[in-house]
Each structure stands twice: as C-alpha cells, then as structure tokens.
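Chemist: Questions regarding the structure given below will be posed in turn.
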Amino acid sequence: MKKPNLFMVGHPRTGTSALHNVLNQHPDIFMSIPKEPIYFAKDLHAESDLFHKKAKFFHFRDEVQYLKIFNPIKRQQIAGESTSVYLYSKVAAREILRFNPEAKIIMMFREPVSWLGSYHAKACQILGEDQPNFSEALKLEEERKRGHFLSKKVMAPSLLFYTEFLRYRLQIERYTSIFNPANIKIIIYDDYRSDNQKIFGEVLQFLDLDREFAPQFKKLNASKSSAKWPLAQQIIQFPYLIKIALKLLPRNMFGKISLYYWEYFFKNSEENKIDPQLRLSLMQKIRPEVELLGDFLNRDLLELWGYNKTL
Numbered sequence: 014m015k016k017p018n019l020f021m022v023g024h025p026r027t028g029t030s031a032l033h034n035v036l037n038q039h040p041d042i043f044m045s046i047p048k049e050p051i052y053f054a055k056d057l058h059a060e061s062d063l064f065h066k067k068a069k070f071f072h073f074r075d076e077v078q079y080l081k082i083f084n085p086i087k088r089q090q091i092a093g094e095s096t097s098v099y100l101y102s103k104v105a106a107r108e109i110l111r112f113n114p115e116a117k118i119i120m121m122f123r124e125p126v127s128w129l130g131s132y133h134a135k136a137c138q139i140l141g142e143d144q145p146n147f148s149e150a151l152k153l154e155e156e157r158k159r160g161h162f163l164s165k166k167v168m169a170p171s172l173l174f175y176t177e178f179l180r181y182r183l184q185i186e187r188y189t190s191i192f193n194p195a196n197i198k199i200i201i202y203d204d205y206r207s208d209n210q211k212i213f214g215e216v217l218q219f220l221d222l223d224r225e226f227a228p229q230f231k232k233l234n235a236s237k238s239s240a241k242w243p244l245a246q247q248i249i250q251f252p253y254l255i256k257i258a259l260k261l262l263p264r265n266m267f268g269k270i271s272l273y274y275w276e277y278f279f280k281n282s283e284e285n286k287i288d289p290q291l292r293l294s295l296m297q298k299i300r301p302e303v304e305l306l307g308d309f310l311n312r313d314l315l316e317l318w319g320y321n322k323t324l
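With positions in the sequence shown counted from 1, the corresponding number in the numbering used here is that position plus 13.
Below, the structure written as structure tokens:
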C-alpha cells in the first residue's frame with residue numbers, strides 16, 4: 014500500500030509551503046497534491062460539522078479517499094504531506110501514530126507576534142475571518158470561544174482562536190510523548206529564511222537521503238489578504254463546488270488549479286502592521302511560551318526574537 018511516511022505538521026505561515034515545494038523536487042521524495050489534506054485533524058472536522066450542522070468543509074474524511082492522493086507514488090522512499098494545523102489539532106498526533114508509527118514529523122516555528130499578523134491575513138483570505146482589523150480580531154477571541162461573532166464562512170471556529178496556536182510546549186509534547194524523538198525535527202523559520210540550502214540539507218539528512226541534490230528555491234505563499242475579484246473568490250471557494258471538483262478532476266490537475274488560483278486571484282500585500290504598543294503587550298504575554306520553546310530546543314529564542322527586551 015502506498016502511504017505517507019512524512020508529515021509537516023505546522024504551523025501555518027512558517028515556510029511549510031516553500032519547504033514542501035523543494036522537497037517535492039527531490040527524486041526520492043513524493044509530496045502530496047493537495048498540500049494540505051487535513052485528514053488527521055478529526056477534531057476540527059467534528060467541530061466544523063457541529064457548527065455548520067453538516068459536513069461543509071474538510072473534504073478528505075475516509076482513508077481510502079485520503080490514500081488516493083498518494084497513488085502516483087512510484088519508487089520514492091519518502092512520501093509526505095504538509096497540513097499546517099496538525100500541530101494545533103488535539104488529536105492529529107495520535108491519529109498519525111495510529112496510521113504510521115514510524116512516521117517522520119517536521120515542525121516549523123516563527124516569531125509569534127509577526128506570525129499572528131501573518132496568520133490573521135491568511136484567515137481573512139481562506140478561513141472565514143470577517144474582521145479585517147487585526148487588533149479587533151484578537152479582542153474577539155474570548156467571545157468567539159463562547160460562540161459569538163463567528164461568520165458562517167468560518168471553516169472551524171477554533172481556527173480563529175489566535176493565541177491558542179501559541180501553546181508551543183503543549184503542542185510539541187503531543188508528538189514527543191508518543192513518537193520516537195529521532196523521528197521529529199523542529200525548524201525555526203528564521204533559519205530557513207536566512208539559509209534555505211543549509212536547512213534543506215539538514216532535512217535530507219533527517220530523512221536519510223542524498224544531500225547533494227540541489228533544488229530550485231522559490232519564495233512561495235507571499236502574504237495575500239485580499240482577492241482581486243471578490244465575487245469570483247466567493248464562487249470558487251464555495252464548498253460544494255470544491256467537492257465536485259475533487260470528484261471530477263485528477264488530483265494533479267486539481268492541485269495545479271489550486272496553486273494557480275492562490276497565485277493569481279489574490280493581491281500581494283504587506284503583512285499586517287502591528288501597533289508598537291500592541292506588539293509589546295503581546296510579546297510580554299507570549300514570552301513564557303517563547304522561553305519554554307527555547308529551553309526545549311536549547312536555544313536562546315528570547316534573544317533571537319527580541320523578547321529579552323520586554324521586561
């Protein structure tokens with residue numbers, strides 16, 4: 014049976030798309046199209062279904078359907094997918110372990126406050142966020158946990174609980190407590206951004222593959238928060254249209270059309286500029302998680318990300 018043995022589990026907006034792309038260029042690696050099947054985040058499936066009172070989002074629900082993504086695998090040693098909310102999901106780690114106990118896991122982390130701004134822009138684009146102001150969206154988090162101020166377009170309400178994504182140590186422990194530590198690699202976004210080739214080489218070593226291969230590096234997934242043609246966006250992202258497309262189109266064709274859509278239907282934009290006072294307040298609140306992550310990695314992330322200046 015052709016099945017994946019590599020999972021890039023997140024976070025969103027940390028370079029997973031870029032790494033997915035370069036890994037897919039390696040002759041011994043097959044990376045999925047679509048990039049994010051979201052199959053193992055079954056808690057998000059259930060949450061979405063409960064909120065919408067029907068199965069509206071998350072189109073890969075059964076194993077047979079999921080494994081069809083990997084039918085094109087030939088002789089590649091590594092087959093992978095990159096669902097960036099598996100780190101956030103409370104059950105994905107256990108589900109992946111049940112599916113493949115020998116799986117390799119890659120996690121990517123980014124400076125939290127800049128990440129929040131970038132993720133909010135992405136949420137406006139694709140996740141159903143209807144509050145375009147970043148600071149106002151943050152203020153709504155507690156009310157949204159009580160079921161208020163949620164658009165009917167939201168994929169799953171908890172995807173808009175922004176600060177919950179920053180529980181780094183808890184999320185890491187979901188994996189380290191059940192997987193072999195040798196099968197887990199953690200990447201800091203700054204390192205990948207500053208030296209693509211070095212980090213790519215480390216990933217190949219982690220996967221026990223030839224490190225001599227030189228891919229073409231391309232910046233992917235630039236921040237795009239607004240559609241060029243909003244009406245076209247509403248039509249194309251209509252969930253039932255996506256379901257029909259998945260049934261009728263070959264996976265590779267669906268993936269190429271999806272890439273074209275995100276590349277050309279949205280405007281490039283600067284990531285949300287965060288008010289300096291709000292930035293400082295958020296950094297002070299998030300500092301303990303940054304310190305815990307740094308301790309786990311035996312690295313001074315407070316210094317790297319400037320959180321040592323928040324006291």
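Yeah, the Cβ is synthetic: ideal placement off N, Cα and C, and Gly gets one too. Remember, it's a predicted structure, so these values are computed and weren't measured experimentally.
Hey, quick one: how far does the beta strand (DSSP E) through Glu225 stretch, first residue to last?
Modeler: For this step, residue 225 is matched to residue 212 along the sequence shown. Following the DSSP letters along the chain, one finds Glu225 in no beta strand (DSSP E), marked with neither H nor E.
Chemist: Using the C-alpha atoms, what's the distance from Pro47 back to Val104?
Modeler: As a first step, residue 104 must be located in the sequence shown, where it is residue number 91. As a first step, residue 47 must be located in the sequence shown, where it is residue number 34. Val104 and Pro47: Cα-Cα distance of roughly 21 angstroms.
Chemist: State yes or no: is the C-beta of Phe73 within less than 8 angstroms of the C-beta of Ile51?
Modeler: Mapped onto the sequence shown, residue 73 falls at position 60. Mapped onto the sequence shown, residue 51 falls at position 38. In this structure, Ile51 lies closer than 8 angstroms to Phe73 by Cβ.
Chemist: Below 7 angstroms CB to CB, which residues in the same chain sit around Asp288 once its five sequence neighbours on both sides are set aside?
Modeler: To locate residue 288, count along the sequence shown from 1; it is residue 275. Here the set comprises Ser148.
Chemist: Measure from the alpha carbon of Lys87 to the alpha carbon of each residue in Pro40, Leu291, Lys117, then state which is nearest.
Modeler: Sequence index remark: in the sequence shown, residue 87 carries index 74 (1-based). Closest in alpha carbon position to Lys87, among Pro40, Leu291, Lys117, is Pro40.
Chemist: Using the three-state DSSP reduction, which class does Gly214 fall into: helix, strand or coil?
Modeler: Within the sequence shown, residue 214 is the residue found at index 201, counting from 1. Gly214: helix per DSSP, three-state reduction.
Chemist: Would you say Pro114 lies against chain D (beta-carbon separation less than 8 angstroms)?
Modeler: Included in the structure is just one protein chain, with no chain D present.
Chemist: If I measure Cβ to Cβ from Ala106 and keep anything under 7 angstroms in the same chain, skipping five residues before and after, which residues do I get?
Modeler: As a position in the sequence shown, residue 106 is number 93, starting the count at 1. Excluding positions up to five away in sequence, the list reads Arg187, Tyr188, Ile191.
Chemist: Just to confirm before moving on: does the CB-CB distance between Tyr181 and Tyr132 stay below 8 angstroms?
Modeler: Counted from its first residue, the sequence shown places residue 181 at position 168. Counted from its first residue, the sequence shown places residue 132 at position 119. By the CB criterion at 8 angstroms, Tyr181 and Tyr132 fall outside the cutoff.
Chemist: When you compare the stretch 25 to 36 with the stretch 211 to 230, are there three or more beta-carbon pairs, one atom per stretch, that lie closer than 8 angstroms?
Modeler: yes
Chemist: What do you reckon, are the CB atoms on Val98 and Leu57 nearer than 8 angstroms?
Modeler: Residue mapping note: residue 98 aligns to position 85 of the sequence shown, counting from 1. Residue mapping note: residue 57 aligns to position 44 of the sequence shown, counting from 1. Contact: yes.
Chemist: Who are the Cβ neighbours of Asn321 in its own chain at under 6 angstroms, not counting the five residues just before and after it?
Modeler: For the purposes of this step, residue 321 is taken as residue 308 along the sequence shown, with counting starting at 1. Excluding the 5 residues flanking it on each side, Asn321 has same chain C-beta neighbours closer than 6 angstroms at Leu315, in chain order.
Chemist: Compute the beta-carbon to beta-carbon distance between Leu140 and Leu173, rounded to the nearest angstrom, for a pair I have assumed lies under 8 angstroms.
Modeler: Residue numbering aside, residue 140 sits at position 127 when the sequence shown is read from its first letter. Residue numbering aside, residue 173 sits at position 160 when the sequence shown is read from its first letter. Contact holds; Cβ gap of about 7 angstroms.
Chemist: Smallest Cα separation from Thr27: which of Tyr79, Asp221, Phe178?
Modeler: The residue you call residue 27 lines up with position 14 of the sequence shown. Thr27 has its Cα closest to that of Phe178, out of Tyr79, Asp221, Phe178.
Chemist: I believe Arg123 touches Tyr202 by the beta-carbon criterion, under 8 angstroms. Please report the beta-carbon distance rounded to the nearest angstrom.
Modeler: Working through the sequence shown from its first residue, we reach residue 123 at position 110. Working through the sequence shown from its first residue, we reach residue 202 at position 189. Confirmed, about 4 angstroms.
Chemist: On the DSSP bridge list, what partners appear for Ser95?
Modeler: The residue you call residue 95 lines up with position 82 of the sequence shown. DSSP lists Met21 as partners of Ser95.
Chemist: Could you tell me if Gly93 is buried or exposed, where buried requires 16 or more neighbouring beta carbons within 10 angstroms of its beta carbon?
Modeler: Here residue 93 corresponds to residue number 80 of the sequence shown, with the count starting at 1. Answer is buried; the Cβ neighbour count reaches 16.
Chemist: Taking the beta carbon of Ile42 as the centre, do at least 16 other beta carbons fall within 10 Å, making it buried, or is it exposed?
Modeler: Along the sequence shown, read from residue 1 onward, the residue named residue 42 stands at position 29. Under this definition Ile42 is a buried residue.
Chemist: Pull up the distance between the alpha-carbon of Tyr205 and that of Met120, whole angstroms please.
Modeler: Your numbering for residue 205 matches position 192 in the sequence shown. Your numbering for residue 120 matches position 107 in the sequence shown. One C-alpha to the other measures close to 12 angstroms.
Chemist: Name the residue from Gln218, Ala150, Pro228, Met168 whose alpha carbon lies nearest to the alpha carbon of Ala68.
Modeler: Within the sequence shown, the letter at position 55 stands for residue 68. For Ala68, the nearest C-alpha among the options comes from Met168.
Chemist: Please name the residue or residues paired with Ile119 in a DSSP beta bridge.
Modeler: Within the sequence shown, the letter at position 106 stands for residue 119. Bridge partners of Ile119: Met21, Lys198.
Chemist: Hey, out of Glu115, Ala31, Arg157, Lys166, whose CA is closest to Asp62's CA?
Modeler: As a first step, residue 62 must be located in the sequence shown, where it is residue number 49. Selected option, being the one with the closest Cα: Lys166.
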